[in-house]
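Single-structure report; data block below.
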Amino acid sequence: MRRILSIILVLLMVFSLVGCGGGAPASTNGTNGGDQTEPIVLKLQGAFPEGTVNYYFFDQFCDLVYERSNGTIKVEWGAGPEAIATTELAEAMINGMVDLVFTPITYLVTVAPILNGVRMTEPKEMRESGGVEYIDSLTQEHLNAKFLARTVAETKYYMAVNKKITKLSDFEGLVLRGNAAYLPMIEGVGAEMATAEWGEVYQAIERNVFDGAGGTLKDYVDNSLGGVLKYLIMPGFFNSDAALFVSLNVWEKLDDVQKQALLDSAIDWEVDSARHFSELNEKMIQTLQEAGMEIIEFEGELRDEYLNTIYENGWERLKRIDPEAAEKMRSFTSN
């Protein structure tokens, strides 16, 4: 009888030890990106409606993050501008109301004017020169967000007009639709800027209210402006500053593997966007030409004068905001 009782006691002790060792929940913030029971779900807040061309890489990004984080981070679509207006995105980021954000930096410059300089830099060049780290320091300081990557590389700005331009002085006196991003160009060549929603531009040009407009190739194609604007000026200038951010409130809770998964996947988006939009640009130029738009390609001294005028005016405007920061940002780029 004593032997039986001893065996029972031993078995009870074994079961008790197994229970203590196997019943504890896995950490939700592990150090190796692989010891949590449920993945962290991060929602993307976008400046554009769901399904637009800007998000072409989103599904692949989600898959890459999940795989590289060993299944510990799951990125999902959150909402577009119907939930948080573009004018309110900066405050939402500062207040930690969002996880991931996809937005042109242009929408954030009301709280961080120095970031106007990002569009004057080239994504690949900034990645190679260390300029990305400087941009990141600015977004962490002003927006409570870590800068991950540019997401619409090789998307330039262009001027399209109804007057044949053979020298910069031909721009003088023209009324061109634009916004703050185009002001350095429009001011620099002596033209006048007017603002209007894209939906109003076609009729304004048709009625000779505007002599032209500043926009991306997609702007011209989406608004059928190839039929009312005669000339597209080449080369393009600046570069889309659309970018991907993660809130510091989220970033600081992630382990090293999870952080690297987000960062590497965002860089893949940046690199692939250069290929994707370069190919798309060729198709859109063809579409505009088929609609009747003629390409004017500035070459030689005229090309240099055109680009120098735009970039010098842009950097000078940035220096008025913060001379030291403007000089530092420019030091990372050849523009």
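Per our numbering, the very first residue in the sequence shown carries number 2; after that it's consecutive.
Backbone N, C-alpha and C fix where the C-beta goes; we use that ideal spot for every residue, glycine too.
Under the Cβ criterion (8 angstroms, minimum of three pairs), the segment 191-198 does not count as touching the segment 247-266. By the Cβ neighbour-count rule, D305 is exposed, with fewer than 16 other Cβ atoms within 10 Å of its own.
Using a Cβ distance threshold of 8 angstroms, N336 and E123 count as a contacting pair. Taking V229 as reference, the option from D273, L263, Q290, Y183 with the minimal CA-CA separation is Q290. In this structure, DSSP gives A262 a helical state, which the three-state scheme calls helix. By the neighbour-count criterion, in which a residue is buried when 16 or more other Cβ atoms sit within 10 angstroms of its Cβ, Q61 is exposed.
Under the three-state reduction of DSSP output, S332 falls in the coil class, being neither helix nor strand. In the three-state DSSP reduction, A161 falls in the strand class (E or B). Every alpha helix (DSSP H) stretch that sits fully inside the segment 159-214 and reaches 4 residues is listed by chain position as 184-189, 199-207. For K75, the enclosing beta strand (DSSP E) starts and ends at 74-80. Within the segment 123-151, complete beta strand (DSSP E) segments of at least 3 residues are found at 146-151, given in chain order.
Under the DSSP assignment, Y307 falls in the alpha helix (DSSP H) whose first and last residues are 301-322. Of the residues A150, D323, L319, the one whose Cα lies closest to the Cα of D269 is A150.
Taking a contact to require three or more Cβ pairs closer than 8 angstroms, the segment 258-278 and the segment 172-179 do not qualify as touching. Counting only residues of its own chain and dropping the five nearest sequence neighbours on each side, M235 has a CB closer than 8 angstroms to the CB of Y159, I296, I297, E298, F299. For L109, no beta strand (DSSP E) encloses it, and the DSSP letter there is neither H nor E. Cβ-Cβ separation between T107 and D242: approximately 6 angstroms, consistent with a contact (criterion under 8 angstroms). Taking 8 angstroms as the cut-off, the beta carbon of R120 is found closer than this to the beta carbon of F239. S70 carries a coil assignment under DSSP once its states are collapsed to helix, strand and coil.
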